[in-house]
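Here the sequence shown is numbered in full-length UniProt numbering, starting from 1 and rising by one per residue. Where a beta carbon is used, it is the ideal one built from N, C-alpha and C, also for glycine. Remarks on the structure that follows.
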Amino acid sequence: MLWLVPLPEQVTPDARATLVVFAAAVWLWVFSKVSDTFVALGAASVIVLIGVIDVDDLFAPLGDETVWLLIGAFIIASAVTSSGLAVRAAVALSVGVTSPRVLVHLLTLAVVCTAFAVPATSGRAALVLPVFLALTAVVPAWLSRILALALPSVVLFSAVASLIGAGAHLITDQILTGAGLPGFSFTRWMVLGLPLALVSSHLAAEIIVRALSTREQRNAELEITREALTRDIPLSTRLSSGEYRAVLILGVAILLWFTEGVHGIPPAMVAVLGALMITSPTWARRTSARR
1 MLWLVPLPEQ
11 VTPDARATLV
21 VFAAAVWLWV
31 FSKVSDTFVA
41 LGAASVIVLI
51 GVIDVDDLFA
61 PLGDETVWLL
71 IGAFIIASAV
81 TSSGLAVRAA
91 VALSVGVTSP
101 RVLVHLLTLA
111 VVCTAFAVPA
121 TSGRAALVLP
131 VFLALTAVVP
141 AWLSRILALA
151 LPSVVLFSAV
161 ASLIGAGAHL
171 ITDQILTGAG
181 LPGFSFTRWM
191 VLGLPLALVS
201 SHLAAEIIVR
211 ALSTREQRNA
221 ELEITREALT
231 RDIPLSTRLS
241 SGEYRAVLIL
251 GVAILLWFTE
261 GVHGIPPAMV
271 AVLGALMITS
281 PTWARRTSAR
291 R
């Protein structure tokens, strides 16, 4: 920064800011153990945030911003899955539930909600898998068969709830804007798609329950305890540092996605910043130390 002070007045503030960011990036590349990719993406994000370049200029060299939206969202979703939040959610939803039908519909509602946090159907299926495996150990075999069919079906039916629920949604939005037509914001897509997702998902779950069970089975009482669910998976009573971190970043990202019209930050930029935060080496070291 001292080296930049004597620069001629003709050097614009944007140029000075770019030089500072570039110098910081070079220093980190040479003298720090931080990943080169992390430093590069972080420096590019800073240049966008301070207004030196537009978001389009950042994303254009390596594809459309919808690609970056998926990349960032996948990184956030991966952190949520590895943190153990999926199993904790299964415990919170199922412990104490005695009705098989209620359990299936509670899980259906939870899977619908994942459409706002996890991109694409494959990512959501990966998130649901540990929940299914944990439940199959404590529910009857006939209910396991129902869950094995209902959960993947709901993953597909509920994809329409969110703009990032399926990659095809982003492609559709890109085609519309490329043709000069108005695209979709996260909020507009939710208003149009969430009702359909809720109705179709719960209807599919109910049909599967009725088709694969008898009246006596549906009226039977379940006994699901926390001890049984966490027998093979250690789970503390309180959220760990990693879980707190994942919940915080995911919540802020979802909030920013749905309030784009207020702050003006594009969804792809939000996803990239969230991915940088959740993979931050400093934060990761603090999380490990607390554990």
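| Query | Result |
| --- | --- |
| Helix, strand or coil at residue 127 [DSSP, three-state] | helix |
| Residue burial classification, residue 27 (beta-carbon count within 10 angstroms, cutoff 16) | exposed |
| Supposed close pair residue 85, residue 246 - CB separation, criterion 8 Å | 6 Å |
| Close-in-space but distant-in-sequence residues of the same chain around residue 176 (CB under 8 Å, 5 per side omitted) | 182, 183, 184 |
| Contact under 8 Å by Cβ, residue 77 with residue 133 | no |
| contact_flag[the region 193 to 212, the region 28 to 48] where n(CB pairs < 8 Å) is 3 or more | no |
| Reduced DSSP secondary structure (H/G/I, E/B, other) of residue 168 | helix |
| Residues of its chain near residue 252, where Cβ-Cβ distance is below 8 Å and the 5 sequence neighbours each way are ignored | 274 |
| Among 58, 38, 37, nearest to residue 47 - alpha-carbon criterion | 58 |
| Buried versus exposed, by CB contacts within 10 Å (16 or more), residue 137 | exposed |
| Reference residue 154, options 93, 108, 143, closest by Cα | 108 |
| Residue 266, buried or exposed, once every other Cβ within 10 Å from all chains shown has been counted against 16 | buried |
| Beta carbon of residue 158 nearer than 8 Å to that of residue 115 | yes |
| Host alpha helix (DSSP H) of residue 258 (start-end) | 241 to 258 |
| Proximity winner among 249, 87, 16, relative to residue 75 (alpha-carbon distances) | 249 |
| Integer Cβ distance of residue 197 from residue 80, believed to fall under 8 Å | 20 Å between Cβ atoms; not a contact. |
| Residue burial classification, residue 135 (beta-carbon count within 10 angstroms, cutoff 16) | buried |
| Three-state secondary structure (DSSP) of residue 34 | coil |
| Start and end residues, alpha helix (DSSP H) containing residue 88 | 85 to 94 |
| Exposed unless 16 or more other CB atoms sit within 10 angstroms - verdict on residue 49 | exposed |
| DSSP state of residue 144 mapped onto helix, strand, coil | helix |
| For residue 296, three-class secondary structure by DSSP | Summary: the structure shown does not reach residue 296, with the chain confined to residues 1 through 291, and so no result is reported for it. |
| Contact check, residue 97 vs residue 103, beta carbons under 8 Å | yes |
| Extent of the continuous alpha helix (DSSP H) run through residue 209 | 186 to 211 |
| Beta-carbon proximity check, residue 131 vs residue 90, cutoff 8 Å | yes |
| Cβ neighbours of residue 14 in the same chain (closer than 6 Å, five flanking residues each side left out) | 52 |
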